[in-house]
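*Asks:*
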Amino acid sequence: LKEYNSKNGLLVYLKNGESINVSRRRASDFFEKIKHFTKSNGEH
Numbered sequence: 023l024k025e026y027n028s029k030n031g032l033l034v035y036l037k038n039g040e041s042i043n044v045s046r047r048r049a050s051d052f053f054e055k056i057k058h059f060t061k062s063n064g065e066h
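Residue numbering for the sequence shown follows the numbering used here, starting at 23 and increasing by one per position.
This is the structure in structure tokens:
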């Protein structure tokens with residue numbers, strides 16, 4: 023994951039240059055996963 027833009031829906035930009043659209047319905051799930059991932063990696 024490189025960055026994301028939530029202006030119109032949710033567009034996720036990956037480090038390899040690809041981008042993925044995330045539906046508004048799934049956006050909250052995405053943010054929860056990112057929050058969990060960053061907490062998990064920050065503790066090591």
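All residues carry an ideal CB built from backbone N, CA and C; glycine is no exception.
These numbers were taken from a predicted model, which means no experiment stands behind them.
(1) Since F52 contacts L32 with CB under 8 angstroms, what's their CB separation in whole angstroms?
(2) Is L32 close to chain B? Criterion is C-beta to C-beta, closer than 8 angstroms.
(3) Does DSSP classify S50 as helix, strand or coil?
(4) From which residue to which residue does the beta strand (DSSP E) around E25 run?
*Replies:* Let me spell this out:
(1) On the sequence shown, residue 52 is found 30 positions in, with the first residue counted as 1. On the sequence shown, residue 32 is found 10 positions in, with the first residue counted as 1. Sure, about 6 angstroms apart at Cβ, within 8 angstroms.
(2) No chain B appears in the structure shown, which is made up of a single protein chain.
(3) For the purposes of this step, residue 50 is taken as the residue at position 28 of the sequence shown. Helix at S50.
(4) If you number the sequence shown from 1, residue 25 lands on position 3. Element bounds for E25: E25 to N27.
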